[in-house]
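Residue numbers (full-length UniProt numbering), protein chains in the order written: chain A, 1 to 390; chain B, 1 to 347.
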Amino acid sequence: MATLTKVLKPILGSQLGNTAKVFGAAVNSQRGKPTYTGRTIPPPAKYGGRHTVALIPGDGIGPELLNHVRELFRFCCVPVDFEVVHVNSASTREDDINNAIMAIRRNGVALKGNIETNHTMPPNHKSRNNLLRTSLDLYANMMHCQSLPGVHTRHKNIDIIIIRENTEGEYSSLEHESVSGVVESLKIITRNNSLRIADYAFRLARDKGRRRVTAVHKANIMKLGDGLFLQCCKEVASGYPDIEFDSMIVDNTTMQLVSKPHQFDVMLMPNLYGNVVSNVCAGLVGGPGLVPGANYGRDYAVFETATRNTGKSIANRNIANPTAMLLASCLMLDHLKLHDYANMIRGAILTTMNETRLHTVDIGGQGTTSEVVQSIMRIIQSSGPLTTEI
Amino acid sequence: MAGNAWRSTVSRVMGAIKSPQPRTFSRGIQTVTLIPGDGIGPEISTAVMKIFEAAKAPIQWEERNVTAIKGPGGRWMIPPEAKESMDKNKIGLKGPLKTPIAAGHPSMNLLLRKTFDLYANVRPCVSIEGYKTPYTDVDLVTIRENTEGEYSGIEHLIVDGVVQSIKLITEEASRRIAEYAFEYARNNQRTSVTAVHKANIMRMSDGLFLRKCREVAENYKDVKFTEMYLDTVCLNMVQDPSQFDVLVMPNLYGDILSDLCAGLIGGLGVTPSGNIGAHGVAIFESVHGTAPDIAGKDLANPTALLLSAVMMLRHMGLHGHAKKIETACFDTIREKKRSTSRTSELC
Numbered sequence: 001m002a003t004l005t006k007v008l009k010p011i012l013g014s015q016l017g018n019t020a021k022v023f024g025a026a027v028n029s030q031r032g033k034p035t036y037t038g039r040t041i042p043p044p045a046k047y048g049g050r051h052t053v054a055l056i057p058g059d060g061i062g063p064e065l066l067n068h069v070r071e072l073f074r075f076c077c078v079p080v081d082f083e084v085v086h087v088n089s090a091s092t093r094e095d096d097i098n099n100a101i102m103a104i105r106r107n108g109v110a111l112k113g114n115i116e117t118n119h120t121m122p123p124n125h126k127s128r129n130n131l132l133r134t135s136l137d138l139y140a141n142m143m144h145c146q147s148l149p150g151v152h153t154r155h156k157n158i159d160i161i162i163i164r165e166n167t168e169g170e171y172s173s174l175e176h177e178s179v180s181g182v183v184e185s186l187k188i189i190t191r192n193n194s195l196r197i198a199d200y201a202f203r204l205a206r207d208k209g210r211r212r213v214t215a216v217h218k219a220n221i222m223k224l225g226d227g228l229f230l231q232c233c234k235e236v237a238s239g240y241p242d243i244e245f246d247s248m249i250v251d252n253t254t255m256q257l258v259s260k261p262h263q264f265d266v267m268l269m270p271n272l273y274g275n276v277v278s279n280v281c282a283g284l285v286g287g288p289g290l291v292p293g294a295n296y297g298r299d300y301a302v303f304e305t306a307t308r309n310t311g312k313s314i315a316n317r318n319i320a321n322p323t324a325m326l327l328a329s330c331l332m333l334d335h336l337k338l339h340d341y342a343n344m345i346r347g348a349i350l351t352t353m354n355e356t357r358l359h360t361v362d363i364g365g366q367g368t369t370s371e372v373v374q375s376i377m378r379i380i381q382s383s384g385p386l387t388t389e390i
Numbered sequence: 001m002a003g004n005a006w007r008s009t010v011s012r013v014m015g016a017i018k019s020p021q022p023r024t025f026s027r028g029i030q031t032v033t034l035i036p037g038d039g040i041g042p043e044i045s046t047a048v049m050k051i052f053e054a055a056k057a058p059i060q061w062e063e064r065n066v067t068a069i070k071g072p073g074g075r076w077m078i079p080p081e082a083k084e085s086m087d088k089n090k091i092g093l094k095g096p097l098k099t100p101i102a103a104g105h106p107s108m109n110l111l112l113r114k115t116f117d118l119y120a121n122v123r124p125c126v127s128i129e130g131y132k133t134p135y136t137d138v139d140l141v142t143i144r145e146n147t148e149g150e151y152s153g154i155e156h157l158i159v160d161g162v163v164q165s166i167k168l169i170t171e172e173a174s175r176r177i178a179e180y181a182f183e184y185a186r187n188n189q190r191t192s193v194t195a196v197h198k199a200n201i202m203r204m205s206d207g208l209f210l211r212k213c214r215e216v217a218e219n220y221k222d223v224k225f226t227e228m229y230l231d232t233v234c235l236n237m238v239q240d241p242s243q244f245d246v247l248v249m250p251n252l253y254g255d256i257l258s259d260l261c262a263g264l265i266g267g268l269g270v271t272p273s274g275n276i277g278a279h280g281v282a283i284f285e286s287v288h289g290t291a292p293d294i295a296g297k298d299l300a301n302p303t304a305l306l307l308s309a310v311m312m313l314r315h316m317g318l319h320g321h322a323k324k325i326e327t328a329c330f331d332t333i334r335e336k337k338r339s340t341s342r343t344s345e346l347c
């Protein structure tokens, strides 16, 4: 249906009204603009005022939480339809993940749960999540760690944006056993990708009014690899004189994060360090259940929880914290330009977080997932907009 | 002022130790190679020597200097006297070494590592009572493989703008570090060993590391063995560090995690560290910098080097003396909130 729309739009352009938007969507050459700003190009799946978004339930707590998201959206009458694509993590064939990738290409936007990777499988069975990220070239992973007022943590008032290169680095999955008992794994750093991610970081910092970007690296040891990354960051930094740029070695960074996290503003790093630092920061603000993450590419955007946990041990027990997934869906709504809905849901979530008795187990309470979702729906209903029955 | 504070710290520790203790020399006097190092190195080494004297620890110190010299064949090496002394004594205590920039030779730490094949870096991280941090119940040990992994130093420029770094994992090194970890756990009454990895992404390399750990775990049924992803460890470490006991991991993860744990207890100025090598060689060191700006001013905090020396005593089996010195040290820190004014700078 989306492809038919694309064909019809230029023809019916004048009759459909709002020609600028319609025309913009049909002209593919304009799609070089990065999607996070998306000011000129709306996502292409808009038809009849409703968006279609690919939904990949994944494993563990993914399906449960995404059901809650769908329930909430239906309740708030959000004009988003979900195209559900299941990926079987146990299957060795790549058909499932290819279907998912195709669905995301069709719709442009996706919301996903984490797909489990069984690491006892042979090396040719690649991580499904990684495959998705590299095929769609989702080069930037953005995670905004903010302390939530109602949640008790050791450090207060943390506000750090972490931007992590999402496609190369240590996650290139290029390994070989040259001699029996000796394995080599390749970490690839390219100039193009480093420049691209640095540019993304500085533009984001500028748009959000941030003062400083810190590049995290280990260039004293990996002189060529991380040295190249650092050099690219410095080059891009020179083009943004209004934003301060400094760098820090990754082990010092983790040490500083646990003792003085308030010195960081925006952090930029290659793939593996990004994994470590984002998990440390998520832990600092209260855990994996609270922070949403977004993966942006040139043409696509995929939203998920920041720490990408499967949560097998807490699956289907109604104790998972839905906050991260719900906040991720708000990020998705912002991306689709449905700001009113996004702010409404986000406000309701933050109000719910202030109630300690509704906190789920991971943040020290005894509430259940459904209680949290019900509370959010009640708050939304009481604040006035049109909703369905609870 | 601060200088007097430091002097009085040392005398207080010594005073705490001077209470009469039965003198039992388990193996006679042990000779240990002492490498004072640069910057604040000499002062803190002197402090440690004085404290050991007061504690009547059966240690005799042999001071040696390590500066890189060019040996035959043009390869950089440490002075032969230092090498001889270490090979003879097997145990060493090292202060901070300066890493000169653009001196043409690799860092001294790297040189020492290569010379003595120091394959395991051990850092016990225990919360210090008198030193307040947001984390109060830390008691874990990070054991890091020190010779290969991501720090192999093998990098190539494939084409202009594309660089590849090679991470090397070998069966031999993985087996060796796993064995050391389990031995350590057994000798120090630790209940569990956790292997930290990223085998979902780096299937072959971390997969090999994990397989070796599993194989070695079979021979140590009294110690519990678990595996955990690096990101999960980081996440849980920051929320609840008390769930971890001994962690064993390859080079890069070890570097990051050991510094993370040091940050939990108060930084590098209070963290002991030991490097275990082949043929029974062990060098214990303080991992902070040389702090050249406060060198010679009586301001430096000897805690890190002192705790490393305590670790050394434990390694040699002198648990009585180790406990005595450690207790005195913690008591001193507890009584005086900040022993020196520059403790935070050292961290």
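Positions of the beta carbon are idealized from the N, C-alpha and C atoms, including for glycine. This structure is a prediction, so every number in the text was calculated from the model and none was measured.
Counting only runs that start and end within the region 229 to 260 of chain B, where is the beta strand (DSSP E) found for 3 or more residues in a row? 246 to 249
Please determine, among V373/A, I363/A and E94/A, the residue with the shortest C-alpha to C-alpha distance to V151/A. For the purposes of this step, residue 151/A is taken as the residue at position 151 of the first sequence. Nearest C-alpha to V151/A: I363/A.
Where the region 195 to 219 of chain B meets chain A: residues whose CB sits under 7 Å from a CB there: A199, N200, I201, M202, R203, M204, S205, G207 and L208
For S329/A, return the contacting residues in chain B, with the cut-off set at a CB-CB distance below 8 Å. Here residue 329/A is taken as the residue at index 329 of the first sequence, counted from 1. Near S329/A there are no residues of chain B at all, since even the closest Cβ is about 22 Å away, more than 8 Å.
Return the bridge partner residues of M248/A from the DSSP annotation. Taking the first sequence and counting its residues from 1, one reaches residue 248/A at position 248. M248/A pairs with V216/A.
Please list, in chain order, the chain A residues whose beta carbon lies closer than 7 Å to that of Y151/B. As a first step, residue 151/B is located in the second sequence; it is residue number 151 there, counting from the start. By Cβ distance, chain A contributes I221.
Of the residues that make up the region 161 to 180 of chain B, which ones have a beta carbon closer than 8 Å to any beta carbon in chain A? G161, V162, V163, Q164, S165, I166, K167, L168, I169, T170, E171 and E172
What in chain A is Cβ-close to I256/B, meaning under 7 Å? On the second sequence, position 256 is the one that residue 256/B refers to. In chain order: V250, D251, T254 and V276.
If you reduce the DSSP assignment to three classes, tell me which class R76/A lands in. Against the first sequence, residue 76/A aligns to sequence position 76. Correcting the residue identity first, residue 76/A is Cys in this sequence and not Arg. Of the three classes helix, strand and coil, the one that applies to C76/A here is coil, per DSSP.
Less than 7 Å between CB atoms is the rule here; does V291/A satisfy it with respect to chain B? Within the first sequence, numbered from 1, the residue matching residue 291/A stands at position 291. Not closer than 7 Å to any Cβ of chain B, the Cβ of V291/A fails to qualify, so no.
Closest to T254/A by C-alpha separation, out of P241/A, G62/A, F245/A and M269/A, would be which residue? Counting from 1 along the first sequence, the entry for residue 254/A is found at position 254. Among P241/A, G62/A, F245/A and M269/A, the Cα nearest to that of T254/A belongs to M269/A.
According to a CB-to-CB cut-off of less than 7 Å, which residues of the region 102 to 124 of chain A neighbour chain B? T117, H119 and P123
Tell me which residues share the same chain as M190/B and place their Cβ nearer than 8 Å to its Cβ, disregarding the 5 neighbours each side in the sequence. The count along the second sequence starts at 1 and reaches residue 190/B at position 190. As written in the sequence, residue 190/B is Arg, which differs from the Met given in the question. Cβ neighbours of R190/B beyond the five flanking positions: V141, Y184, V223, D245 and V246.
Return helix, strand or coil for N141/A, following the three-state DSSP convention. Along the first sequence, read from residue 1 onward, the residue named residue 141/A stands at position 141. In this structure, N141/A counts as strand in the three-state DSSP scheme.
With a threshold of 6 Å on Cβ separation, who are the neighbours of S194/A within its own chain once the five nearest residues in sequence on each side are excluded? Along the first sequence, one-based indexing puts residue 194/A at 194. Answer for S194/A: F229 and C232, listed in chain order.
Go ahead and pull the three-state DSSP assignment for F303/A. Here residue 303/A corresponds to residue number 303 of the first sequence, with the count starting at 1. Here F303/A sits in strand by DSSP.
Closer than 7 Å, Cβ to any Cβ of chain A: which residues of the region 255 to 287 of chain B, in chain order? D255, I256, D259, L260, A262, G263, L264 and G267
Chain A residues whose Cβ lies nearer than 7 Å to that of Q239/B: On the second sequence, position 239 is the one that residue 239/B refers to. Per Cβ cutoff of 7 Å: G283 and G287.
Min CB distance E175/A to chain B below 7 Å: Here residue 175/A refers to the residue found at position 175 when the first sequence is read from its first residue. By this cut-off, E175/A is an interface position.
Going by alpha carbons, who is nearest to W61/B out of P79/B, G153/B and I29/B? Position 61 of the second sequence holds residue 61/B. The residue with the shortest Cα to Cα distance from W61/B is I29/B.
Taking only beta-carbon positions, decide if G225/A is within less than 7 Å of chain B. Position 225 of the first sequence, counted from the first residue, corresponds to residue 225/A. Yes, its Cβ sits closer than 7 Å to a Cβ of chain B.
Excluding the 5 residues flanking K112/A on each side, which residues of the same chain have their C-beta closer than 7 Å to its C-beta? In the first sequence, the residue the question calls residue 112/A occupies position 112. Correct list, in chain order: I56, G58, V302 and E304.
Amino acids of chain A, ordered along the chain, whose beta-carbon sits closer than 7 Å to that of L235/B: Mapped onto the second sequence, residue 235/B falls at position 235. The contacting residues are N279, A282, G283, P288 and T307.
Strictly by DSSP, which residues pair up with I166/B? Here residue 166/B refers to the residue found at position 166 when the second sequence is read from its first residue. In the DSSP output, where bridge partners are listed per residue, I166/B has L186/A.
Against chain B: residues of the region 150 to 163 of chain A by CB proximity under 8 Å: R154 and H155
Say whether chain B places a C-beta atom closer than 7 Å to the C-beta of I188/A. Locating residue 188/A in the first sequence gives position 188, counting from the first residue. Yes, I188/A lies at the interface with chain B (some Cβ there is under 7 Å from its Cβ).
In the DSSP assignment, what are the bridge partners of M77/B? Here residue 77/B refers to the residue found at position 77 of the second sequence. I69/B.
Looking at the C-beta of G181/A, does it have a partner C-beta in chain E at a distance below 7 Å? The structure shown contains no chain E; its protein chains are A and B.
G289/A vs N252/A beta-carbon contact at 7 Å: The residue labelled residue 289/A in the question sits at position 289 within the first sequence. The residue labelled residue 252/A in the question sits at position 252 within the first sequence. No, the Cβ-Cβ distance between G289/A and N252/A is not below 7 Å.
Do you know whose CA, among Q164/B, K324/B and K297/B, lies nearest L306/B's CA? Counted from its first residue, the second sequence places residue 306/B at position 306. Closest by alpha carbon: K324/B.
How would you call R214/B, buried or exposed, if buried means at least 16 neighbouring beta carbons within 10 angstroms? If you number the second sequence from 1, residue 214/B lands on position 214. Result: exposed.
Secondary structure at E235/A, three-state DSSP: helix, strand or coil? On the first sequence, residue 235/A is found 235 positions in, with the first residue counted as 1. E235/A: helix per DSSP, three-state reduction.
Got a sec, what are the start and stop residues for the beta strand (DSSP E) L111/A sits in? Taking the first sequence and counting its residues from 1, one reaches residue 111/A at position 111. First-last of the beta strand (DSSP E) with L111/A: V109 to K112.
Given a cut-off of 7 Å, decide if G181/A and T170/B are closer than it, judged by their beta-carbon atoms. Translated into positions along the second sequence, residue 170/B becomes position 170. Translated into positions along the first sequence, residue 181/A becomes position 181. Their beta carbons are under 7 Å apart, which means T170/B touches G181/A by this criterion.
Quick one: which residues of the region 71 to 89 of chain A get their C-beta closer than 9 Å to a C-beta of chain B? List them in chain order. none
Is the CB of P250/B under 7 Å away from at least one CB in chain A? Here residue 250/B refers to the residue found at position 250 when the second sequence is read from its first residue. Cβ-Cβ to chain A under 7 Å: no for P250/B.
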